[in-house]
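Novice:
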Amino acid sequence: MKTMTPTAAYRRELSVTARPFIGGIVLAAVVIGTLVGTILYVAFSTGGSSDFKAGVTNMSLIAIIPAFAGIRLAHQNFIADHRNTLQALRILGIGRAFFTRHLLLQGACLALLASASAVVLGRLLATPLFKVILLGLNKQLPDHWGSPFDVAWSSLLVLVPLYLLGVGILNVDKVLAKTGDRGAATVGKSKSLVGLVGLVLAVVNIAAGIWCMVTTPPGPVVLIFVFTLPFLAVTLAGTFARALAHWAAAAIKKVSGWSAPALGIRSSETVGTTSRVGLATALVAIPLAGFTGAQTSLWAANYVGSQNFQTVPVVVGQDFRLLEAQEADGVCEEIGDDCRGVVYWQPSDFESAGETSVPMEKANDYSLAGSNDHVIGQLLSPGAPVKAHSPFYPDFMVPFSGISSESPVKPEWGLPVVAESASAPDHLRVESAQDWVRHVDMDSQIMYGPHGDGTAGFVPTAAYTLLAICLVLAVSVMGKRANLHAFFSPLRLLGRTQGAIQRAEFWAILFPYCVAMLTALLVGIWYTVAVHVAVSAYPGALLPYLPPGLWVLFVLVFLGTSATAFLPTPDKDERGADAP
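Start counting at 1 in the sequence shown, then tack on 50, and there's your number in our numbering.
(1) To the nearest angstrom, how far is it from the Cα of Arg232 to the Cα of Pro211?
(2) Can you tell me the Cα-Cα spacing of Val459 and Ala350, whole angstroms?
(3) Which residue's Cα is closest to the Cα of Gly97: Thr84, Gly157 and Leu191?
(4) Could you check which residue in Pro562, Thr578 and Trp601 has the C-alpha nearest to that of Ser318?
(5) With 16 other CB atoms within 10 Å as the buried threshold, where does Thr135 fall?
(6) Can you tell me the Cα-Cα spacing of Thr569 and Thr331, whole angstroms?
(7) Consult DSSP for Arg488 and reduce its assignment to one of helix, strand or coil.
(8) Starting from Ala615 and walking both ways along the beta strand (DSSP E), at which residues does that stretch end?
(9) What is the DSSP secondary structure of Pro540, counted as helix, strand or coil?
(10) Helix, strand or coil, according to DSSP, for His152 in the structure here?
(11) When the Cα of Ser167 is compared with those of Leu246, Glu456, Pro409 and Val80, which residue comes out closest?
(12) Based on DSSP bridge pairs, tell me the residues matched to Ala419.
(13) Just confirm the distance between the C-beta atoms of Gly314 and Phe556, as a whole number of angstroms; I'd bet it's less than 8 angstroms.
(14) DSSP beta-bridge partners for Thr96?
(15) Would you tell me roughly how many angstroms separate the C-alpha atoms of Ala164 and Gly157, rounded to the nearest one?
(16) Could you check if Ala469 is buried or exposed, using at least 16 other CB atoms within 10 Å of its CB as the buried criterion?
(17) Consult DSSP for Gly626 and reduce its assignment to one of helix, strand or coil.
(18) How is Phe128 classed by DSSP in three states: helix, strand or coil?
(19) Could you tell me if Trp203 is buried or exposed, where buried requires 16 or more neighbouring beta carbons within 10 angstroms of its beta carbon?
(20) Assign Asn127 to one of two classes, buried (16 or more other C-beta atoms within 10 Å of its C-beta) or exposed (fewer than that).
(21) Is it buried or exposed for Ala246, if we count other Cβ within 10 angstroms and need 16 for buried?
(22) Please tell me whether Thr707 and Gly322 are closer than 7 angstroms, where the distance is taken between their beta carbons.
(23) Taking the straight line between their C-alpha atoms, what separation do you get for Thr578 and Thr342?
(24) Put Glu481 into one of helix, strand or coil per three-state DSSP.
(25) How is the beta strand (DSSP E) around Trp463 delimited, first residue to last?
(26) Tell me the DSSP secondary structure of Ile219 in three-state form.
(27) So, with DSSP's three-state summary, where would you put Asp399?
(28) Could one say the Cβ of Tyr416 lies closer than 7 angstroms to chain B's Cβ atoms, at least one of them?
(29) Please list, in chain order, all residues of the same chain as Thr361 whose beta carbon is under 6 angstroms from its beta carbon, the five residues on each side excluded.
(30) Tell me which same chain residues have a C-beta within less than 8 angstroms of the C-beta of Asp399, skipping the five on either side of it?
(31) Does DSSP classify Phe359 as helix, strand or coil?
(32) Going along the chain, which residues of its own chain have a beta-carbon closer than 7 angstroms to the beta-carbon of Met410, five neighbours each way excluded?
(33) Would you list the one or two residues that DSSP bridges to Cys389?
(34) Does the beta-carbon of Lys189 have 16 or more other beta-carbons within 10 angstroms, so that it is buried, or is it exposed?
(35) Could you tell me whether the stretch 588 to 606 touches the stretch 538 to 551, using the rule of 3 or more Cβ pairs below 8 angstroms?
(36) Using the Cα positions of Ala613 and Ala93, report the straight-line distance between them to the nearest angstrom.
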């Protein structure tokens, strides 16, 4: 019998199992490289919205952490997949240096693959990716993307160290131990501890929410309420997943029998895919809590700010937005005698300097100016502006900061004040001033000041972090696909085809992600209920908010992760020497 060298044995293991087992590390390299490429193409671009470019290039570096975790997890799964051969080589006396050397060489090759993906796929996907991310945000993409040469050398500077560090610090012995029985016991204890902490924080969230509804809480309680929302979502997700799996599978079975969706959903708990529902829920709940918190702050500020306005009719856009100053003047001329005048919003620095009109670049707030001496008095309540302090929104979030007694100077927007009998042009609407203020969250720049709400940079950050964490999810799924395949393979005895089995696996993976989105939405509604009751003293709720582009990304990445069920699966006959 011919004796093989350790290097030959290692290479034979890779060649025999490359098709089923290499997919995880290759997928990680391609996805990470593509994400880095899109960032670099923006970094070297010209034109477009400046705040968007700054948000992508500066803040999206946060995604490096989950990307690094994805590299480590992919290689940990790679080692676990080859545990039999690697353990045999260790027993034969092969040292750690051998494995470290080969893993570093493998990491360098994957870094080159990732860099190639950055140059090619990064450019191909940059435009459609950012169009999805910025959907509905009215931001302009760059006029000219960066050059492939700049992306090539800069991606190598980023990816080669990232891969060599992520792979080089792996300890093969520790990874093999974690995948054994002792490692499983340790993981079980860790999960129990994490579950206990999550339960405590979920109870804290409910207590903070009730406190907010029954009395005016101090500011820290509101912060605790917001920051513990993801923990409440994660804690509820497991219970929801188990309950919905039974209900949904039974409902589908009544309609179409034991179809692939029914089998996959019913088996999700047994096969272990529901264990990912916590991470997936946190992935949705964290940005949802952030954006919903900002949106409810606007609503609360609008509701309180409406007390400064009377019920006089005003003309606004169909989406309750203010009109541009020239358009407001034109509407007032068209209405004629039924127009009482126009109230203008002009850039100012009233709070800090007492200036009711300053150039836009120096403005920090807005002041009101009227087209005549009486129109502001008709619009505002006596004694306005009256500021109310609330822990649910910052003090600077007000419809206006000051009132000018002089003629308007370069106003930004206008609000025509009209008589009860007035009718608006076709593309506009007449509303009570108080009703308009309660919808002014559609025009968030009014409440945040002339420079907007600052979310242009946060949206790309959330999107890139989402994509990077979903990479971790995808790699984790691929690392467990052998167990998934083994669980469903007996269905062949019942006459199910390979395609039908893979569809069942697809639904087993996808179902927890659907539960995650539903749970995050329910927890978001719970937050809006608490804020609505606390601010208005009446029961009610708002729709949790997340930018449309992020919702689209969630759906795409969850579908893409679930589609790993259709990748080649390792069988015993493909393992060669590992076969019994």
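All C-beta atoms in this analysis are idealised placements derived from N, C-alpha and C, irrespective of residue type, glycine included.
Specialist: With the structure as the only source:
(1) The residue you call residue 232 lines up with position 182 of the sequence shown. The residue you call residue 211 lines up with position 161 of the sequence shown. Since pLDDT at Arg232 reaches only 46, below the 50 mark, its modelled position is unreliable, and the value read off the structure follows with that caveat. Their backbone Cα atoms lie some 32 angstroms apart in a straight line.
(2) Within the sequence shown, numbered from 1, the residue matching residue 459 stands at position 409. Within the sequence shown, numbered from 1, the residue matching residue 350 stands at position 300. When rounded, the distance between both Cα atoms is 30 angstroms.
(3) Residue numbering aside, residue 97 sits at position 47 when the sequence shown is read from its first letter. Comparing Cα positions, the closest option is Leu191.
(4) Walking along the sequence shown from the start, residue 318 turns up at place 268. For Ser318, the nearest C-alpha among the options comes from Pro562.
(5) Locating residue 135 in the sequence shown gives position 85, where the first residue counts as 1. That one is buried.
(6) The sequence position of residue 569 within the sequence shown is 519, counting from 1. The sequence position of residue 331 within the sequence shown is 281, counting from 1. So the alpha carbons of these two residues sit roughly 7 angstroms apart.
(7) The residue you call residue 488 lines up with position 438 of the sequence shown. Looking at Arg488 - three-state DSSP - the assignment turns out to be coil, as it is neither helix nor strand.
(8) Counted from its first residue, the sequence shown places residue 615 at position 565. No beta strand (DSSP E) holds Ala615; DSSP gives it neither H nor E.
(9) As a first step, residue 540 is located in the sequence shown; it is residue number 490 there, counting from the start. Helix, per DSSP.
(10) Stepping through the sequence shown from its first residue, residue 152 is reached at position 102. Helix at His152.
(11) The sequence position of residue 167 within the sequence shown is 117, counting from 1. It is Val80.
(12) One-based indexing of the sequence shown puts residue 419 at position 369. Note: Ala419 sits in a beta bridge opposite Tyr394.
(13) Numbered from 1 along the sequence shown, position 264 holds the residue referred to as residue 314. Numbered from 1 along the sequence shown, position 506 holds the residue referred to as residue 556. Cβ-Cβ separation between Gly314 and Phe556: approximately 7 angstroms, consistent with a contact (criterion under 8 angstroms).
(14) Locating residue 96 in the sequence shown gives position 46, where the first residue counts as 1. According to DSSP, which records beta bridges pairwise, Thr96 is partnered with His194.
(15) If you number the sequence shown from 1, residue 164 lands on position 114. If you number the sequence shown from 1, residue 157 lands on position 107. Roughly 10 angstroms between the two C-alpha positions.
(16) In the sequence shown, residue 469 corresponds to position 419, counting from 1. Exposed: under 16 other Cβ atoms inside 10 Å.
(17) One-based indexing of the sequence shown puts residue 626 at position 576. With a pLDDT of only 42 at Gly626, under the threshold of 50, the placement of this residue in the model should not be trusted, and no figure is reported.
(18) On the sequence shown, position 78 is the one that residue 128 refers to. Helix at Phe128.
(19) Taking the first residue of the sequence shown as 1, we reach residue 203 at position 153. Label assigned to Trp203: exposed.
(20) Numbered from its first residue, the sequence shown carries residue 127 at position 77. That one is buried.
(21) Stepping through the sequence shown from its first residue, residue 246 is reached at position 196. Going by the sequence as given, residue 246 is Leu instead of Ala. Exposed, since its Cβ has fewer than 16 Cβ neighbours within 10 Å.
(22) With the chain represented from 51 up to 630, any question about residue 707 goes unanswered, as that position is not in the structure.
(23) Looking up residue 578 in the sequence shown gives position 528. Looking up residue 342 in the sequence shown gives position 292. Roughly 8 angstroms separates the two Cα atoms.
(24) What you label residue 481 is simply residue 431 of the sequence shown in a count that begins at 1. Strand.
(25) As a working mapping, residue 463 is identified with position 413 in the sequence shown. Its beta strand (DSSP E) spans residues Trp463 to Val468.
(26) For this step, residue 219 is matched to residue 169 along the sequence shown. Looking at Ile219 - three-state DSSP - the assignment turns out to be coil, as it is neither helix nor strand.
(27) Your numbering for residue 399 matches position 349 in the sequence shown. Note: Asp399 maps to strand in three-state DSSP.
(28) Judged by its chain identifiers, the structure shown contains no chain B, having just a single protein chain.
(29) Your numbering for residue 361 matches position 311 in the sequence shown. The residues are Ser482 and Gln484.
(30) Within the sequence shown, numbered from 1, the residue matching residue 399 stands at position 349. Closer than 8 angstroms at Cβ, skipping near neighbours: Glu405, Val408, Lys412, Ala413, Asn414 and Asp415.
(31) As a working mapping, residue 359 is identified with position 309 in the sequence shown. DSSP places Phe359 in strand when its eight states are reduced to three.
(32) In the sequence shown, counting from the first residue as 1, residue 410 sits at position 360. Result list for Met410: Pro397 and Pro500, in chain order.
(33) Here residue 389 corresponds to residue number 339 of the sequence shown, with the count starting at 1. According to DSSP, Cys389 bridges with Val468.
(34) Numbered from 1 along the sequence shown, position 139 holds the residue referred to as residue 189. It counts as buried.
(35) no
(36) Position 563 of the sequence shown, counting from 1, holds the residue named residue 613. Position 43 of the sequence shown, counting from 1, holds the residue named residue 93. When the Cα atoms are used, Ala613 and Ala93 turn out to be separated by approximately 32 angstroms.
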